[in-house]
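Here's the structure, in structure tokens; my notes come after.
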Amino acid sequence: MDDQPLLSVQDLVKHFRMPRRNLLRPPDVVRAVDGVSFDIWRGKTLGLVGESGCGKTTTGRTILQLMRATSGSVQFGGTDLCQLSDKELRSFRNGMQIIFQDPYASLDPRMTIGKAIAEPLMIHEISKTRDEARERVQELMERVGLNPYFINRYPHEFSGGQRQRIGIARALAVDPDFVVLDEPVSSLDVSIQAQILNLLQDLQDEMELTYLFIAHDLRVVRHISDRIAVMYLGLIVEQAPGLEIYDEPLHPYTQALLSAVPWTDPRLARKHQRIILEGEVSSAVNPPSGCRFHPRCPIAEERCQHESPALREIQPGHWVACHLA
Ligand code: SF4
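Take the sequence shown: its position 185, counting from 1, is numbered 191 in this note's numbering, and each next residue is one higher.
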């Protein structure tokens with residue numbers, strides 16, 4: 007293993023200032039990401055999991071500098087991307103790509119898929135001629151399991167799973183090191199999900215890709231993640247090696263998320279008996295004091311309302327932010 011992680015995120019904060027609604031009051035601030043830290047080693051996957059609105063997508067986009075951080079650092083191959091100007095960032099853009107939940111939305115319906123996959127090759131001058139680009143596109147199509155014969159077809163002629171393969175080919179065209187997978191299988195049927203997950207895993211092995219895999223469902227990231235981080239209201243509340251978190255979740259929120267999964271494995275179904283969480287996720291504008299999870303936590307104590315739990319290493323490599331863990 008390398009000495010240093012490929013990606014090291016330290017104390018990442020992303021706040022959004024809302025439009026002022028009352029001239030006598032300061033504008034509301036959404037604390038979407040509020041001090042997130044993790045490392046990802048080359049060729050490995052970190053699964054980042056939490057309910058919608060917890061800040062995981064904002065974390066992914068801030069790492070890629072698609073939105074600039076409020077504070078914190080994102081070291082990529084030893085360079086802090088947060089300190090770079092837009093111009094300086096350009097040379098790092100190829101190394102980091104994103105695959106979206108809905109590839110259809112990111113594909114131009116009037117462009118053949120051949121052109122769509124070739125676009126980044128031409129923009130970044132990776133292919134010097136159209137013939138060279140075409141050859142590379144056909145190679146990429148084969149690599150992601152698409153018949154190169156379909157190079158002149160349009161996005162609407164493909165199924166959801168095939169479109170996600172097109173999105174993957176497009177992201178891989180520039181030969182990145184690091185890919186943010188933002189809910190890449192959430193809109194697909196379960197059988198197709200497994201195919202795309204297998205493909206992502208094969209590509210990772212072949213190309214030594216490093217993934218940040220964002221998902222709301224702990225089942226989806228189970229087989230692909232080396233480590234899992236669980237987010238709640240802008241903070242990581244638990245982080246552990248992939249399999250350990252399924253066998254020994256220590257944070258009450260992780261336990262609740264695991265209990266909501268319809269496990270087909272009877273051992274896991276028995277282990278994670280249904281826990282119903284009361285109430286909704288609190289607002290990221292005014293997060294609760296103390297432990298942010300306390301209004302919904304089934305085992306909250308009095309101190310949870312005013313003492314914020316630190317993320318502590320409870321077992322080697324297993325970090326939890328809970329007073330009672
Ligand atoms: Fe629940 Fe308290 Fe632990 Fe927060 S710190 S998860 S409220 S027990």
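C-beta: ideal position from N, C-alpha, C; glycine also.
- prompt: Hey, ARG169 and PRO109: beta-carbon distance below 8 Å or not?
  reply: Taking a C-beta distance under 8 Å as the contact criterion, ARG169 and PRO109 qualify as a contact pair.
- prompt: To which residues of the same chain is LEU317 closer than 6 Å at the C-beta, ignoring the five residues directly before and after it?
  reply: The residues are TRP325, ALA327.
- request: Could you tell me which uninterrupted alpha helix (DSSP H) segments, each at least 4 residues in length, are contained entirely in the region 244 to 283, listed from first to last along the chain?
  value: Taking only runs of at least 4 residues, the alpha helix (DSSP H) segments lying wholly in the region 244 to 283 are 248 to 253, 258 to 265, 272 to 277.
field: Closer than 7 Å: CYS60 CB and nearest ligand 1 heavy atom
entry: No - ligand 1 has no heavy atom lying nearer than 7 Å to the Cβ of CYS60.
- request: Have a look at LEU30, GLY59, VAL15, ARG48 and flag the residue whose alpha-carbon is nearest the alpha-carbon of VAL291.
  value: Relative to the Cα of VAL291, the nearest Cα in the group LEU30, GLY59, VAL15, ARG48 belongs to GLY59.
- request: Write down the C-beta distance between LEU218 and GLY101 rounded to the nearest angstrom, noting that I regard them as a contact closer than 8 Å.
  value: Here LEU218 is actually not in contact with GLY101; their C-beta atoms are around 13 Å apart, not less than 8 Å.
task: Measure the C-alpha to C-alpha separation of PRO255 and CYS297 and round it to an integer number of angstroms.
output: PRO255 and CYS297: Cα-Cα distance of roughly 18 Å.
task: List in chain order: all unbroken beta strand (DSSP E) runs of 3+ residues lying wholly within the region 62 to 95.
output: The region 62 to 95 contains these whole beta strand (DSSP E) runs: 77 to 82.
task: Kindly confirm or deny that the region 11 to 28 and the region 69 to 82 touch, where touching means at least three C-beta pairs closer than 8 Å.
output: The answer is yes - the region 69 to 82 touches the region 11 to 28, with three or more Cβ pairs under 8 Å.
Closest residue to HIS222 among SER193, SER314, ALA306, GLU148 (Cα-Cα distance): Measuring from the Cα of HIS222, the nearest candidate turns out to be SER193.
query: Can you tell me the Cα-Cα spacing of ALA111 and ALA331, whole angstroms?
result: About 42 Å.
- request: Could you tell me the boundaries of the alpha helix (DSSP H) in which ARG27 lies?
  value: Per DSSP, ARG27 lies in no alpha helix (DSSP H) segment and is marked neither H nor E.
field: Range of the contiguous alpha helix (DSSP H) that encloses LEU205
entry: Residue range 196 to 213 is occupied by the alpha helix (DSSP H) that includes LEU205.
- request: Report yes if the C-beta distance between ASN257 and TRP269 is below 8 Å; otherwise report no.
  value: Note on identity: in this sequence residue 257 is His, with Asn being the wrong assignment. No, the pair does not count as a contact, with Cβ atoms beyond the cut-off.
message: Given a cut-off of 8 Å on the beta-carbon distance, is the pair VAL186 and ILE123 in contact?
response: Contact: no.
task: Tell me TYR155's beta-bridge partners as DSSP assigns them.
output: DSSP lists no partner for TYR155.
- request: Report buried or exposed for PRO32, applying the criterion of at least 16 other Cβ atoms within 10 angstroms of its Cβ.
  value: Counting every other CB atom within 10 Å of its CB across the protein chains shown gives PRO32 a total below 16, marking it as exposed.
message: At a cut-off of 7 Å, would you count ALA306 as near ligand 1, judging by its Cβ distance to the nearest heavy atom?
response: Yes; taking the cut-off as 7 Å, the Cβ of ALA306 has a heavy atom of ligand 1 nearer than that.
- prompt: For TYR238, is the classification buried or exposed, using 16 other Cβ atoms within 10 angstroms of its Cβ as the cut-off for buried?
  reply: Label assigned to TYR238: buried.
- prompt: What residue from VAL191, SER265, ARG280, PRO182 has the CA that sits closest to LEU83's CA?
  reply: Sequence check: residue 83 is Gly here, not Leu. Between GLY83 and the set VAL191, SER265, ARG280, PRO182, the nearest pair of CA atoms involves PRO182.
- prompt: Quick one: is the Cβ of PRO294 within less than 7 Å of any heavy atom of ligand 1?
  reply: Outside the cutoff, so no.
task: With a cut-off of 8 Å on the beta carbons, I'd call VAL42 and ILE242 a contact; round off their distance for me.
output: With a contact defined as Cβ atoms closer than 8 Å, VAL42 and ILE242 qualify at about 6 Å.
message: Buried or exposed, going by whether 16 or more other CB atoms sit within 10 Å of the CB of ILE172?
response: ILE172 is buried by the Cβ-count criterion.
task: Measure the Cβ-Cβ separation of ARG140 and GLY120 and say whether it is below 8 Å.
output: Contact: yes.
- request: Report back the beta-carbon spacing between SER265 and ARG280 to the nearest angstrom; my notes put them in contact at under 8 Å.
  value: Going by Cβ atoms, the distance from SER265 to ARG280 rounds to 5 Å, so yes, they are a contact pair.
query: Taking Cβ positions, are ALA246 and ILE230 nearer each other than 8 Å?
result: Their beta carbons are not under 8 Å apart, which means ALA246 does not touch ILE230 by this criterion.
Three-state secondary structure (DSSP) of SER97: DSSP places SER97 in helix when its eight states are reduced to three.
- prompt: If you draw a straight line from the C-alpha of ARG23 to the C-alpha of SER288, how long is it?
  reply: Separation of ARG23 and SER288 (C-alpha to C-alpha, rounded to the nearest whole angstrom) is 18 Å.
- request: Please report the residue range of the beta strand (DSSP E) in which ASP188 lies.
  value: Looking at the DSSP string, the run of the beta strand (DSSP E) that includes ASP188 is 184 to 188.
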